[in-house]
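Protein chains: 2
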Amino acid sequence: MSDTTSETTTDPIESDEGYALDNRTVSAVRLAVAAGDSQRLGTLLDPLHAADIADLLEQVDSGHRREILLLCPAHFDGDVLSELDEGLREEVIGFLPPDILAEAVRDLESDDVVDLLEDLEEPQQAAILDVLDVPDRVAVEKALSYPEFSAGRLMQREVVMAPEHWTVGQAIDHVRANKKTLPDQFYHLIVVDPRLRPVGYVTLGKLLASKRSVKLTALFEDSFRTIPVSQPESEVAYAFNQYHLISAPVVDDDGRLVGAITIDDAMTVLDEEHEEDILRLAGVGESSLSDRVIETTRQRFPWLFVNLVTAILASVVIALFEDAIAQIVALAVLMPIIASMGGNAGTQSLTVAVRALATKDLTGSNVWRVVRRELAVGLINGAAFALVMGAVSLVWFGSPDLGVVIAIAMIVNLAIAALAGILIPVTLDRLGVDPALASGTFVTTVTDVVGFFVFLGLAATILL
Amino acid sequence: MSDTTSETTTDPIESDEGYALDNRTVSAVRLAVAAGDSQRLGTLLDPLHAADIADLLEQVDSGHRREILLLCPAHFDGDVLSELDEGLREEVIGFLPPDILAEAVRDLESDDVVDLLEDLEEPQQAAILDVLDVPDRVAVEKALSYPEFSAGRLMQREVVMAPEHWTVGQAIDHVRANKKTLPDQFYHLIVVDPRLRPVGYVTLGKLLASKRSVKLTALFEDSFRTIPVSQPESEVAYAFNQYHLISAPVVDDDGRLVGAITIDDAMTVLDEEHEEDILRLAGVGESSLSDRVIETTRQRFPWLFVNLVTAILASVVIALFEDAIAQIVALAVLMPIIASMGGNAGTQSLTVAVRALATKDLTGSNVWRVVRRELAVGLINGAAFALVMGAVSLVWFGSPDLGVVIAIAMIVNLAIAALAGILIPVTLDRLGVDPALASGTFVTTVTDVVGFFVFLGLAATILL
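Same order as they appear, the protein sequences are chains V and Z. Letter 34 of the first sequence, counting from 1, is numbered 34 in our numbering, and no numbers are missing. Start counting at 1 in the second sequence, then tack on 1000, and there's your number in our numbering.
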């Protein structure tokens, strides 16, 4: 069995994109669905990982999704539900027969049930809670009592712990005796004091390799860190990435052990945080390929509307100089170049700043050094492009004065763009606003308004 | 000991940003350096994790960096070097006394030495290879023979394996007997056939919990996957994230075990890939806050230059309609609005597409559905903003005809923006070009040129 698994995953010819679900499988699934052939569909779904089945459901349209689920409901276990895009879960859960759904949910660890539940509407939540056994249900309800996006929501409550006076032998016997209730994934034994406060942890590797008589306290890892249950999940992901944690105990306000977070969950959060940043920078709030036209339109409209308002603001600036433009039409031809260069230079500084804030590389202790650097870069690039555009304008329109005007405007706008690109995100961050969310609009407003004003204003002063 | 660790990390008042190095520590370090007080500096550095010491070095300027290293060279072990930004490693290694450097490097696992070496210049590489023991040196040189950014560079060669006929007891005895040579981090026992080909793996948790007589083959995990040694590291990171792997065996072309990759390395790669995407989308090739002015200027110039060329292209389109602008200056006032809205709508579609390509959610099987969706969204938002801008123009300039012109231009440009935003990255991806790298420029060129052409062309036709 393992041999074939190994071969399908390592043979690059099998799949055109390495690991992902390949097009051939998706087409074959479509054919099987069209033929209503549940046996063939089952054969196609069997070798797929839950994450790939979820991807398959995301890639087909709603009609196909329904037919796939009706033809092979047994293939949709809790893991597939967990992997599914949040926007689709409600739809898919609606299609599943209640018994299949109940079985799927019972298989999951408490953190996965929480993840599944938190985005569902009230009636679906209640239906799922009903199928859980009482202890699981209590665990899930407890987790849901923690704030959204906190460590408490992310953690699994199943942990393997040992008192600090134990030896390796006692710990191993304890693990063997509790074989049935062990979590699926655990890499450390968490050592606690009599008040259940974690005091250290031991990797299973060290536990295995040590003599039975060795004290657990002698095997503690340096990397031990606890995570407060109310800590935002983005901070949790940062800590895992920064300190190369594999798992970490979660503690309540009194420092008592309440659960554990493992790196695979932290990696998912890191991935989601990145997605959020990249989409917010582009003025897309949330987005998924499986969103429908109307959802997508509604998500993008507000950002475009904000952009329209700022664009009109820039137009008002242009309107101040209508007379100048009427006399020298070349100004209308050249002015978008200044705005475009300012916008791009500002976006460069801004993106570097947003990213550095996210990774905590940009802090109070180096912000002024970075501001000075950005300004210097803006001035140097501004001077370089001033020369280029001065020359282009001279050749194109034969006017040395116009060349001087555009050159000065270029330097000023690139310097302002650099400053706005760093100062705006830093200020928003200090105010507690996500800099990825709003900086872009502010920065391009500044570069547009300043760009048009300086260029047209100088032109009106010097050329008329 | 563990108690204090736990408290410093969990007390939110201790550090103003949760986990990161706090400003107070950085200031105290600066003071200690200014006073030349190596003892005080040592006290400040002692509690810091290697990743935080690396961050500290990145946040101060080059002069401070040198003084810190000279005052407390013993604090800079291999882990700090590994965590340090690539751009700074060469500088820091240059400051370190040879004996400290040798000791630092000897401590590291082979994958970390490789990571350290691959960005260094030839003489520094040779100096570091010289201090390694012969077996380590051979291992590192072997790893360096794999292509850059491949699984072979990422993996550690230290693995714990067992033949497939072994029992749990035999495996545990083997681990105990080889205690000294075990890798720092291992979570699975890799089970191999007589030709050293991995056939499955067993988590240490299952190994611990099972009776000594149980066959290893009875404990195999479903999640088992092997990674080809030449696979690009971005694919490796994708596989870990998609399939929730914790570690995976790496195999050569004959399927034989050559090493293992653990999730913390995959998480680092995922983080770097995201950084690359976000910076490339903003037209910043590579960037680090510790880069100097001249490096930063050089990195940003080419992207601005490309933008200048496309901006000039758009200006050429405007120049075609100089007569129309000279007669109706309102055109010059309004035209940046069309271009700005098109650019933003295009960036929205583009970012969603680039992200979906990176996560393999956008594939041949759903690309046309997504294109249709984007076009529909573009048309709907275009119609909405056409109404808004038509009304604004009518009120502002009192011309219904101008309102009609800008309304039509808005619909056409937002539809074109949507199409360009999805088709350009998909095409680049098929051609093997990173869509994050070049799509932005192409998309805004299309939206600028089309926007100006449609708006001014319609105006010239209808209004003159």
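Glycine included, every Cβ here is placed at the ideal spot set by N, Cα and C. All values reported here derive from a predicted model rather than from experimental measurement.
Cβ contact annotation for Arg1040 (chain Z) (same chain, cutoff 7 Å, sequence separation greater than five): Ala1032, in chain order. Bridge partners of Val191 (chain V) according to DSSP: V:Ala162, V:Gly200.
Gly343 (chain V) has its alpha-carbon roughly 10 Å from the corresponding atom of Leu1304 (chain Z). Contact residues of the stretch 1125-1142 of chain Z toward chain V are absent (C-beta to C-beta distance below 7 Å). Interface annotation, Lys1215 (chain Z): not in contact with chain V, CB-CB separation never under 8 Å. In the displayed model, Ser1234 (chain Z) falls within a helix according to three-state DSSP. Here Ile1406 (chain Z) is buried, its C-beta having at least 16 other C-beta atoms within 10 Å. In the pairwise beta carbon analysis, the stretch 229-243 of chain V is classified as touching the stretch 138-154 of chain V: at least three pairs are separated by under 8 Å. The continuous stretches of beta strand (DSSP E) do not include Ala1282 (chain Z), and DSSP gives it neither H nor E. Its chain contains Gln1156 as the residues whose beta carbon lies nearer than 6 Å to that of Glu1109 (chain Z), once the 5 sequence neighbours on both sides are disregarded; these appear in chain order. Of V:Val433, V:Thr427, V:Leu334, the smallest CA-CA separation from Gly451 (chain V) is found for V:Leu334. Contact holds between the stretch 1402-1419 of chain Z and the stretch 1455-1462 of chain Z, because three or more Cβ pairs, one in each stretch, are under 8 Å apart. Counting only the Cα atoms, Thr1310 (chain Z) lies some 13 Å from Ala1339 (chain Z). Going by C-alpha positions, Ile172 (chain V) is about 13 Å away from Ile190 (chain V).
Distances from the CA of Lys1142 (chain Z) to each of Z:Val1168, Z:Val1113, Z:Leu1120, Z:Leu1070 were compared; the closest alpha carbon is that of Z:Val1113. A straight-line Cα-Cα distance of about 26 Å links Leu132 (chain V) and Val269 (chain V).
In this structure, DSSP gives Ile416 (chain V) a helical state, which the three-state scheme calls helix. Relative to Ile422 (chain V), the option among V:Arg153, V:Val352, V:Ile312 whose CA is nearest is V:Val352.
Annotated three-state conformation of Ser1145 (chain Z) is coil, per DSSP.
In terms of beta-carbon proximity, Asn1366 (chain Z) lines the interface with chain V, with at least one pair separated by less than 8 Å.
Less than 8 Å separates the beta-carbon of Asn23 (chain V) from that of Ser1365 (chain Z). In the DSSP secondary-structure assignment, Thr226 (chain V) is not bridged to any residue.
Here DSSP, grouped into helix, strand and coil, assigns Gly1259 (chain Z) to strand. With respect to Val1354 (chain Z), Leu1289 (chain Z) sits apart: the two C-beta atoms are not nearer than 8 Å. Taking C-beta atoms as the reference points, Ala74 (chain V) and Ile100 (chain V) count as a pair closer than 8 Å.
For the pair Leu279 (chain V) and Ile263 (chain V), the CB atoms are not nearer than the 8 Å cut-off. Each of Z:Ser1247, Z:Val1388, Z:Val1229 was checked against the Cα of Asp1254 (chain Z), and the nearest Cα belongs to Z:Val1229. In this structure, Val1175 (chain Z) sits away from Arg1212 (chain Z), with a CB-CB distance that is not shorter than 8 Å. For Ala383 (chain V), DSSP assigns no beta-bridge partner whatsoever.
DSSP links Pro400 (chain V) through a beta bridge to no other residue.
The count of Cβ pairs closer than 8 Å, one atom from the stretch 1317-1324 of chain Z and one from the stretch 1423-1432 of chain Z, stays below three, leaving the stretches out of contact. Within its own chain, the residues whose Cβ lies closer than 7 Å to the Cβ of Ala1104 (chain Z), once the five positions on either side in sequence are excluded, are Phe1076, Asp1077, Gly1078, Leu1081, listed in chain order.
If one requires a minimum length of 4 residues, the alpha helix (DSSP H) runs lying completely within the stretch 1109-1147 of chain Z are 1110-1117, 1122-1131, 1134-1144, in chain order. Against chain V, the beta carbon of Ala1151 (chain Z) has no neighbour under 7 Å; the closest one sits roughly 11 Å away. If you look at Ala1248 (chain Z), you'll find it in the beta strand (DSSP E) that goes 1247-1251.
Residue contact check for Ser110 (chain V) against chain Z: no CB pair falls below 8 Å.
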